[in-house]
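Here's the structure, in structure tokens; my notes come after.
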Amino acid sequence: KAATMSFGIRNVPEKETALCEIHRVLKKDSSPSGPTTLESKLAIMEFSEPGPDSGIMGSMARFFIRNVVPAVGAALSGFPKEYMHLQKSIKEFP
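Note that the working numbering gives residue 66 to position 42 of the sequence shown, counting from 1, and the numbers run on in steps of one.
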């Protein structure tokens, strides 16, 4: 069994509850013939902003995330508010 989540965990208000539920589902034995030895896997892909001590590449990445992504996203989609939320949620995510 496997579970995946892409670019969403930062928007889940109760992260611990969500992760516990994912764990519950993954560890549940779904075999009618009894326990299995298959391993479950969880993959979460997420954005985060580089810290202030990450050098020139970190500075460039922060500039890109804070300025370029919202501007280009707003221009292409016509929904600037959503791209400001994206930038803020990335900045606030650990």
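We treat Cβ as the ideally placed atom computed from N, Cα and C, and that holds for glycine.
Predicted model, so just to flag it, every value in this text is computed and none were measured.
Residue nearest to residue 87 in terms of C-alpha spacing, selected from 99, 72, 100: Sequence index remark: in the sequence shown, residue 87 carries index 63 (1-based). It is 72 whose Cα lies nearest to the Cα of residue 87.
Residue burial classification, residue 94 (beta-carbon count within 10 angstroms, cutoff 16): Here residue 94 refers to the residue found at position 70 of the sequence shown. Residue 94 should be labelled buried.
Please report the distance separating the alpha-carbon of residue 44 from that of residue 118. As a position in the sequence shown, residue 44 is number 20, starting the count at 1. As a position in the sequence shown, residue 118 is number 94, starting the count at 1. In this structure, the CA atom of residue 44 is about 19 angstroms from the CA atom of residue 118.
Just the Cα atoms here: how many angstroms apart are residue 103 and residue 31? The residue given as residue 103 occupies position 79 in the sequence shown. The residue given as residue 31 occupies position 7 in the sequence shown. Between residue 103 and residue 31, the C-alpha separation is close to 18 angstroms.
Please state whether the Cβ-Cβ distance between residue 26 and residue 65 is less than 7 angstroms. Here residue 26 refers to the residue found at position 2 when the sequence shown is read from its first residue. Here residue 65 refers to the residue found at position 41 when the sequence shown is read from its first residue. Going by C-beta atoms, residue 26 is nearer than 7 angstroms to residue 65.
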